[in-house]
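Enquirer: Starting off with a structure, shown below.
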Amino acid sequence: MKKELLVPKVENVAIALTQNSLADGEKEYSIYLLNLRDDIMEGIIITCTGFGENPSTGEKIKTSTIRHSMEILLPNEAAKIEPILPELFAISNEYWVSFWVNDVLYDKQFVFPAHSIQEESMKMIEIIGLKGILIR
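Pasting the structure below:
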């Protein structure tokens with residue numbers, strides 16, 4: 002008889018898209034991983050992919066898959082993963098986060114749906130000190 006694989010629920014981990022105003026008036030956008038847990042996240046792997054369709058042609062679009070890794074992320078800490086261009090806000094942006102806590106592997110998908118990244122939706126994210134959008 003097959004035994005089902007138990008997949009632990011990921012809680013208190015988030016991905017944030019932040020906006021930072023530069024001295025020249027331009028805006029810079031970045032993606033952060035937030036550990037809102039009480040324990041240390043270890044062996045972290047993050048994959049990032051954008052996908053959607055061109056509104057003019059209807060042609061399917063998919064960006065390259067980019068992989069990032071971090072050895073640890075301490076409790077109540079945030080780490081910058083990558084910058085993101087505003088041109089990518091028109092497509093969905095997916096972040097798969099895998100990490101270990103106490104010899105247990107956790108895995109979760111976070112998605113910013115196409116056109117969901119709007120300045121009026123941004124709120125202050127205290128742990129980072131910037132305005133942005135938080136996905137848990």
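Count along the sequence shown from 1, add 1, and you get the number used in this note's numbering. Positions of the beta carbon are idealized from the N, C-alpha and C atoms, including for glycine.
Just verifying my parser: in three-state terms, what is the DSSP assignment at residue 89?
Expert: Helix at residue 89.
Enquirer: Whole angstroms are fine: how far does the CA of residue 130 sit from the CA of residue 19?
Expert: Between residue 19 and residue 130, the C-alpha separation is close to 9 Å.
Enquirer: Just to confirm my understanding: we take residue 100, look at its own chain, exclude 5 residues before and 5 after, and list those with CB closer than 7 Å. What are they?
Expert: Contacts found: 42, 43, 44, 45 and 107.
Enquirer: According to DSSP, simplified to helix, strand and coil, what is residue 21?
Expert: Strand, per DSSP.
Enquirer: Quick one: give me the first and last residue of the beta strand (DSSP E) that residue 133 is part of.
Expert: Looking at the DSSP string, the run of the beta strand (DSSP E) that includes residue 133 is 131 to 136.
Enquirer: Count the other CB atoms, across all protein chains shown, that sit within 10 Å of the CB of residue 24; report buried if there are 16 or more and exposed otherwise.
Expert: Looking at its Cβ environment, which holds fewer than 16 other Cβ atoms inside 10 Å, residue 24 is exposed.
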